[in-house]
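Numbered per my numbering, the sequence shown spans residues 241 to 524.
The C-beta atom is built at its ideal place from N, Cα and C for all residues, glycine as well.
To start, the structure under review is shown below, and the notes come after it.
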Amino acid sequence: MNKKLKWYKLKIIKNISEVKKICSDKKIALIPTMGAIHKGHESLIHKAQEKASFNIVSIFVNPIQFANNDEYINYPNNINSDIEKLKNLKVDAIFIPEIREIYPLGFSTNVDVGQISKVLEGKFRPAHFTGVATIITKLFSIIKPDHAYFGQKDAQQCLVIKKLNDELNLGVKIFINPTVRDQNGIAISSRNKNLNKIHLKAAESLFKSLCLSKQLFEKGIDNTKYIKDEMKKVIMQSYPTKIDYISIANSNTLEELDKIALPTLISLAVWFGETRLIDNILLK
């Protein structure tokens with residue numbers, strides 16, 4: 241575990257050769273991020289500090305996982321604030337590469353993990369998980385961590401990463417941390433900063449609808465169409481909006497279910513103004 245010692249000095253690394261050298265002889269925990277460090281990231285860091293002797297956070301806003309250039313340009317970016325937060329958390333190193341360090345001119349390799357990346361988020365953001373899988377494969381290859389840490393809020397992303405790690409024999413132990421929520425149940429996300437007061441209040445309906453789905457199942461109701469309809473009512477009564485999907489699927493394959501059979505992932509994606517939020521719960 242990291243200790244808050246007087247001689248602590250954060251290492252800020254910007255190139256691949258240096259990060260390889262620094263990480264070569266240590267037990268490494270990697271926390272991959274796109275910056276905009278928040279309490280969800282903090283929980284991953286705290287967990288990593290319990291498991292490994294050297295903890296490294298990567299900050300890389302990955303251009304190939306965005307649907308369009310505007311989405312990429314508008315992604316929250318305050319590197320100085322992120323560095324200060326990570327310094328206070330006593331991480332050992334931050335890897336902050338430039339785009340050309342990761343994707344040199346002529347780079348054309350992509351990692352596609354198949355059907356699990358084509359549904360739900362993959363259906364609405366077709367190139368997203370290819371971009372995610374590619375950058376995670378590169379980070380695992382460069383840093384060679386013993387452990388890597390991700391949040392359950394991005395449940396489908398976690399499945400994609402587990403699959404590529406297993407099938408490419410990368411040998412990283414993957415830890416998934418529970419979703420961190422605010423006092424009103426809203427999943428912590430960098431996108432929450434874009435919500436106005438009305439949208440922020442309405443966003444509470446997402447977790448309420450997920451909790452309702454669990455309550456209905458615990459009462460013996462397993463018909464997924466009925467449960468989805470009841471969830472939709474909770475959301476639409478709170479704020480008439482666009483729902484991209486409400487899914488009740490096998491938590492390992494993401495195949496949609498007519499009747500709940502454990503383990504089940506219940507997930508959704510909903511718009512509040514120009515901001516799209518995702519959330520989920522896992523029934524085991």
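- For Ile426 against Asn434, the beta-carbon gap comes to about 13 angstroms, at or over 8 angstroms, which does not count as contact.
- Residue range 515-523 is occupied by the beta strand (DSSP E) that includes Arg516.
- Straight-line spacing of the CA atoms in Ile285 and Ser321 works out to 16 angstroms.
- Between Ile319 and Gly280, the gap from beta carbon to beta carbon reaches 8 angstroms or more.
- Pairing Ile268 with Ile296 gives a Cβ-Cβ distance under 8 angstroms.
- 8 angstroms or more divides the Cβ of Val351 from the Cβ of Leu446.
- Setting aside the 5 residues that flank it on each side, Arg516 is surrounded in the same chain by Arg431, Asp484, Ala509, Val510, each with a C-beta closer than 8 angstroms to its C-beta; the list follows chain order.
- For His387, the secondary structure class from DSSP, reduced to helix, strand or coil, is strand.
- Bounds of the beta strand (DSSP E) holding Ala333 are 333-335.
- Remark: C-beta atoms of Ile414 and Phe390 approach each other more closely than 8 angstroms.
- Annotated three-state conformation of Ala501 is coil, per DSSP.
- For Ala367, the three-state secondary structure derived from DSSP is coil.
- Just measuring C-alpha positions, the residue of Ala489, Lys363, Ser293, Ile323 sitting nearest Ala307 is Lys363.
- Counting only the Cα atoms, Pro303 lies some 11 angstroms from Glu338.
- Phe512 counts as buried, since no fewer than 16 other beta carbons sit within 10 angstroms of its beta carbon.
- Beta bridge pairing from DSSP links Pro272 with Ser298.
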